[in-house]
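There are 2 protein chains.
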Amino acid sequence: MSEANLYYEDFAPGRSFALGPRQVTTEEIIEFAREFDPQPMHLDEEAGKRSILGGLAASGWHTSAMFMRMMIDSYLLRSHSEGAPGVDFMEWKKPVLAGDTLGGSSTVLESRPLRSRPGIGVVKFRHEVTNQHGEVVCLSENSIMFRMRERSEVSA
Amino acid sequence: MSEANLYYEDFAPGRSFALGPRQVTTEEIIEFAREFDPQPMHLDEEAGKRSILGGLAASGWHTSAMFMRMMIDSYLLRSHSEGAPGVDFMEWKKPVLAGDTLGGSSTVLESRPLRSRPGIGVVKFRHEVTNQHGEVVCLSENSIMFRMRERSEVSA
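Protein sequences appear in the order of chains D and S.
Each residue of the first sequence is one higher than the last, beginning at 1 in the UniProt record's numbering.
Each residue of the second sequence is one higher than the last, beginning at 1 in the UniProt record's numbering.
See below:
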């Protein structure tokens, strides 16, 4: 496990963190769907082809979960994150199909200290998940709380 | 598999569909977290107790996925759903802890025919996921598309 070295102060507006790459397999699409979203286009190749999604397609919630894992691997696990209260919006803009490779970015829109919890700041992100064609498949914005650097660390 | 018998016309504003109940187990919290959100408070009981979540807590994305499954079992799988373009917002308002029992409701806020796709209508819902204490743990709104009844079915 890498050392946590990202604090609130490191998430300056405009800074961007790359996501992925992450391969999407047939097996994981079906496995997730069986447990959480057992609709035909997420379970069966032929049903997917017949649907407007055009192939075996990941549940939107599976795409969101894969996006979470890409954030974890890119910057969250090495940050002093204090969690997120939710998502402002999330758009599943294009189908995520078996064989796709996901990437994208999280970009800081704004940040501010949290008045109610001294030592904690809130960072608002715009997140784009893209496929191998450069198309945005999932677009969202949300705010994540991070601990601030101890004063001792910067001035001692 | 039950027959699909819910069409756009069946989602009248004010109609509400019960969700759950669904037990949340330690094992599934850890399994989901290992794959999608490997942060200490989702992986380890002691780490969860030390965090502001107060115990081994489900990832917000896991709660969202369980919410999806409750919608599936309550009304989506027996509907002529054409999918959802995303979520307008989602708030993870309280921790979902191992041993909790989730329930809640999806209530229709409004509905309208989709001009760009004849025969399809859009239904906007407010979704509340609650725990066994009646507290709302996850609040969201989103729109889902449904096929309309064939004219032949209602007038022939």
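Backbone N, C-alpha and C define an ideal beta-carbon position, used for all residues, glycine too.
Only a predicted model underlies this, so the values are computations on that prediction, with no experimental measurement involved.
Enclosing alpha helix (DSSP H) for Ala33 of chain S [first to last residue]: Stepping through the second sequence from its first residue, residue 33 of chain S is reached at position 33. Residues 26 to 36.
Report the partner residues of Phe89 of chain S according to the DSSP bridge assignment. Here residue 89 of chain S is taken as the residue at index 89 of the second sequence, counted from 1. In DSSP, Phe89 of chain S forms a bridge with S:Glu141.
With 16 other Cβ atoms within 10 Å as the buried cut-off, status of Ile144 of chain D: Taking the first residue of the first sequence as position 1, residue 144 of chain D is located at position 144. The residue in question, Ile144 of chain D, is buried, as its Cβ has 16 or more Cβ neighbours within 10 Å.
CA nearest to the CA of Phe67 of chain S, picked from S:Met148, S:Phe146, S:Glu150, S:Ser140: By 1-based counting over the second sequence, the position of residue 67 of chain S is 67. Ranking the options by Cα distance to Phe67 of chain S, first place goes to S:Ser140.
Cβ shell of Asn131 of chain D (< 6 Å), same chain only, five flanking positions each side left out: Taking the first residue of the first sequence as position 1, residue 131 of chain D is located at position 131. Excluding residues within five positions, the ones whose Cβ falls inside 6 Å are Asp100, Val137.
Arg112 of chain S: contacting residues in chain D (beta-carbon distance under 9 Å): To locate residue 112 of chain S, count along the second sequence from 1; it is residue 112. Near Arg112 of chain S there are no residues of chain D at all, since even the closest Cβ is about 19 Å away, more than 9 Å.
Helix, strand or coil for His42 of chain S? Go by DSSP, reduced to three states. Residue numbering aside, residue 42 of chain S sits at position 42 when the second sequence is read from its first letter. In the displayed model, His42 of chain S falls within a helix according to three-state DSSP.
Ends of the alpha helix (DSSP H) at Ser64 of chain D? Taking the first residue of the first sequence as position 1, residue 64 of chain D is located at position 64. 60 to 71 is the span of the alpha helix (DSSP H), which, as asked, contains Ser64 of chain D.
Measure the Cβ-Cβ separation of Ala12 of chain D and His80 of chain D and say whether it is below 8 Å. Looking up residue 12 of chain D in the first sequence gives position 12. Looking up residue 80 of chain D in the first sequence gives position 80. The answer is no: Cβ separation not under 8 Å.
In this structure, how does DSSP classify Ser81 of chain D when only helix, strand and coil are distinguished? The sequence position of residue 81 of chain D within the first sequence is 81, counting from 1. Reduced to three states, the DSSP call for Ser81 of chain D is strand.
Boundaries (first-last residue) of the beta strand (DSSP E) holding Glu110 of chain D: Stepping through the first sequence from its first residue, residue 110 of chain D is reached at position 110. Residues 101 to 113.
Given 7 Å as the limit, tell me if Gly54 of chain D has its C-beta closer than that to any heavy atom belonging to the ligand NAD. What this structure holds is no ligand at all, so the ligand NAD is not there to describe.
Using a Cβ-Cβ cut-off of less than 9 Å, give me the residues of the stretch 92 to 104 of chain D that come near chain S, in sequence order. Residues Trp92, Lys93.
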